[in-house]
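**Q** I am attaching a structure below and will ask some questions about it afterwards.
Numbering (this note's numbering), first residue to last: 11 to 252.
Now the structure itself:
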């Protein structure tokens, strides 16, 4: 039984450089997957799993994101908030800037350019059962392109003991899915670090070795970062949802 609110920060501010020229007109979070924008799929998923609120950060082509959200049919199951970043804060910077949004909640940090049919409540339940010293629960998956991912090493209890962010010779293909569950206590730790907290993978995760619980999924998961990935996502998503 859930006692805290479930809230998510959906990161949607990036430039989508590797997807150009497609992203010259539309931001990456509005890429079409089987005729539906990626952002819409995430919002539907959050609604489906009982999230009460979502915060969407915007920057690149923010007016397109706002336009989409205004046209989206109203749904009382989730409250949608947006925050415009005049200058990109980075994934960790955005999280810290909006820490009070997560007061009295279990939070999820989600990269909005990923696509998955994973049940987010599985990660929520894994987070509730995490080892007591862990501040974060990280979703992992098996990547087809491990050199383009953060590769994890865990101990026998699934606790993160090693992390390799986009290295030439990764030790395996078990990758960070960039979907995290956390409680407000995480911010106490983050506040104790120096002010140079920009990228969550590069600046935060290495400082949390031994304090991150992982949860692995074999469900479909893909980063919509390239044209090839976008094509594969459309193909596979169509098959999954036939």
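Just so it is clear, CB atoms sit at the ideal spot from N, CA and C, and this is done for glycine as well.
In the region 77-118, which residue ranges form an unbroken alpha helix (DSSP H) of at least 4 residues, counting only runs that do not cross its ends?
**A** For the region 77-118, whole alpha helix (DSSP H) runs of length 4 or above, ordered along the chain, are 101-107.
**Q** Out of 189, 134, 21, 17, point me to the one whose CA is closest to residue 103's CA.
**A** 21
**Q** Going by other Cβ atoms of all chains shown within 10 Å of its Cβ, with 16 needed for buried, is residue 142 buried or exposed?
**A** Burial call: exposed.
**Q** On a CA-only basis, which of 115, 94, 116, 166 is nearest residue 107? Give me that one, please.
**A** Looking at 115, 94, 116, 166, the one whose alpha-carbon comes closest to that of residue 107 is 94.
**Q** Report yes if the CB atom of residue 230 is closer than 8 Å to the CB atom of residue 246, and no otherwise.
**A** Contact flag set, yes.
**Q** Which same chain residues, not among the five before or five after residue 203, have their C-beta less than 7 Å away from its C-beta?
**A** 217
**Q** Look at the alpha carbon of residue 169 and the alpha carbon of residue 148, and state the distance between them as a whole number of angstroms.
**A** 10 Å
**Q** What are the start and end residues of each continuous alpha helix (DSSP H) run of 4 or more residues lying completely inside the region 124-186, in chain order?
**A** 130-138
**Q** Quick check: the Cα distance between residue 235 and residue 27, rounded to an integer number of angstroms?
**A** 8 Å
**Q** Is the number of C-beta pairs between the region 22-42 and the region 69-78 that are closer than 8 Å three or more?
**A** yes
**Q** Look at the Cβ atom of residue 150, then the Cβ atom of residue 185, and state whether they are nearer than 8 Å.
**A** yes
**Q** Could you tell me whether the region 126-139 touches the region 52-61, using the rule of 3 or more Cβ pairs below 8 Å?
**A** yes
**Q** Among the residues of its own chain, which have a CB less than 6 Å from the CB of residue 226, if the five just before and after it don't count?
**A** Scanning its chain for C-beta atoms nearer than 6 Å, with the 5 sequence neighbours on each side dropped, one finds around residue 226 the residues 150, in chain order.
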